[in-house]
Amino acid sequence: MEFLVDMRTTVPPGTSDETVADTRRREAARSGELAAQGHILRLWKPPEGPGEWHTIGLFAAADEAELRRVLESMPLHGWMAVTVTPLKPHPGDPGVGRP
Numbered sequence: 015m016e017f018l019v020d021m022r023t024t025v026p027p028g029t030s031d032e033t034v035a036d037t038r039r040r041e042a043a044r045s046g047e048l049a050a051q052g053h054i055l056r057l058w059k060p061p062e063g064p065g066e067w068h069t070i071g072l073f074a075a076a077d078e079a080e081l082r083r084v085l086e087s088m089p090l091h092g093w094m095a096v097t098v099t100p101l102k103p104h105p106g107d108p109g110v111g112r113p
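Here the sequence shown stands for residues 15 to 113, where the numbers follow the working numbering.
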């Protein structure tokens with residue numbers, strides 16, 4: 015299954031710059047692992063306001079329970095507000111049946 019995942023990250027007040035930098039480094043590494051495993055298919059950065067971290071991603075997982083485990087494995091997860099939308103193929107999808 016594929017899922018559209020909207021992730022809005024807020025760093026808790028009082029978090030040190032060192033902790034933020036370390037967490038972001040670990041997040042980047044984990045995202046690379048999840049992409050290699052086929053769970054992260056695409057990531058986008060919509061326009062952000064000051065102090066906002068906002069990412070929209072296309073994820074793949076067997077079901078929503080597996081997706082939730084994948085998301086919980088991400089180092090920034092504890093700082094994220096996550097909205098998950100399950101997706102299913104549309105019969106008019108122009109990408110269906112193309113090489």
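Positions of the beta carbon are idealized from the N, C-alpha and C atoms, including for glycine. Computed from a prediction, not measured in an experiment: that's the story for all the values here.
| Query | Result |
| --- | --- |
| Got a sec? Which residues, its chain only, sit under 7 Å from Pro-26 by beta carbon, not counting five neighbours each side? | Trp-93 |
| Just to confirm before moving on: does the CB-CB distance between Leu-48 and Leu-101 stay below 8 Å? | no |
| Quick check: the stretch 36-52 against the stretch 83-92, are at least 3 beta-carbon pairs closer than 8 Å? | yes |
| With a threshold of 8 Å between beta carbons, is Ala-79 in contact with chain C? | Structure shown: chain C not included; a single protein chain is present. |
| Rounded to whole angstroms, what is the Cα-Cα separation between Thr-33 and Asp-20? | 23 Å |
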